[in-house]
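Trainee: Just so it is clear: in the sequence shown, position 88 is 106 by our numbering, and no numbers are missing. Think of the CB as a built atom: it goes at the ideal place given N, C-alpha and C, for glycine as much as any other residue.
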Amino acid sequence: DVFVLRNAGNTLSHAEGSVVGSLEYAIGPLGAKLIMVLGHTKCGAMMGATQTMLNAQKAAESGAPAQQTTLDKLLHGLAPVAQQAQAELAPGASAEEIAAHVVKVNVF
Numbered sequence: 019d020v021f022v023l024r025n026a027g028n029t030l031s032h033a034e035g036s037v038v039g040s041l042e043y044a045i046g047p048l049g050a051k052l053i054m055v056l057g058h059t060k061c062g063a064m065m066g067a068t069q070t071m072l073n074a075q076k077a078a079e080s081g082a083p084a085q086q087t088t089l090d091k092l093l094h095g096l097a098p099v100a101q102q103a104q105a106e107l108a109p110g111a112s113a114e115e116i117a118a119h120v121v122k123v124n125v126f
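1. Using DSSP with H/G/I as helix, E/B as strand and the rest coil, what is M71?
2. What number of angstroms, rounded off, separates the C-alpha of A97 from the C-alpha of A26?
3. Measuring only the C-alpha atoms, how far is G49 from V38?
4. Between the C-alpha atoms of H58 and N124, what's the straight-line distance to the nearest angstrom?
5. Can you tell me where the alpha helix (DSSP H) holding N124 begins and where it ends?
6. Could you tell me the distance, in whole angstroms, from the CA atom of G95 to the CA atom of H119?
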């Protein structure tokens with residue numbers, strides 16, 4: 019049997035109760051012996067997190083307040099991963115290059 023949980027970007031910053039509770043159920047009553055966390059290339063959540071981080075950086079440079087949609091708040095939980103990926107790349111890397119690296123950083 020396979021017990022599957024999916025969420026955007028493998029983040030637990032805003033859905034801890036449902037995801038962690040479901041994992042506890044899988045390993046407790048269901049007896050799952052293996053938990054796998056998988057990511058994928060061209061992940062929309064990783065691109066969104068990258069874009070949210072870049073927008074926040076631009077807003078901070080200009081002194082303008084960053085826009086905060088509900089989606090921005092969700093993706094904000096991935097900002098440290100996006101920042102790490104950006105720091106590991108050469109200065110001036112494109113959003114697409116950063117997002118591609120964010121996928122690797124987030125899973126590994």
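Mentor: On the basis of the supplied data:
1. Within the sequence shown, the letter at position 53 stands for residue 71. In the structure shown, M71 sits in a helix (DSSP, three-state: H, G or I).
2. The sequence position of residue 97 within the sequence shown is 79, counting from 1. The sequence position of residue 26 within the sequence shown is 8, counting from 1. Distance between the alpha carbons of A97 and A26: 14 angstroms.
3. Here the question's residue 49 lines up with position 31 in the sequence shown. Here the question's residue 38 lines up with position 20 in the sequence shown. Those two C-alpha atoms are separated by around 15 angstroms.
4. Position 40 of the sequence shown, counting from 1, holds the residue named residue 58. Position 106 of the sequence shown, counting from 1, holds the residue named residue 124. Going from the Cα of H58 to the Cα of N124 covers about 10 angstroms.
5. Position 106 of the sequence shown, counted from the first residue, corresponds to residue 124. A113 to V125 is the extent of the alpha helix (DSSP H) around N124.
6. For the purposes of this step, residue 95 is taken as the residue at position 77 of the sequence shown. For the purposes of this step, residue 119 is taken as the residue at position 101 of the sequence shown. So the alpha carbons of these two residues sit roughly 17 angstroms apart.
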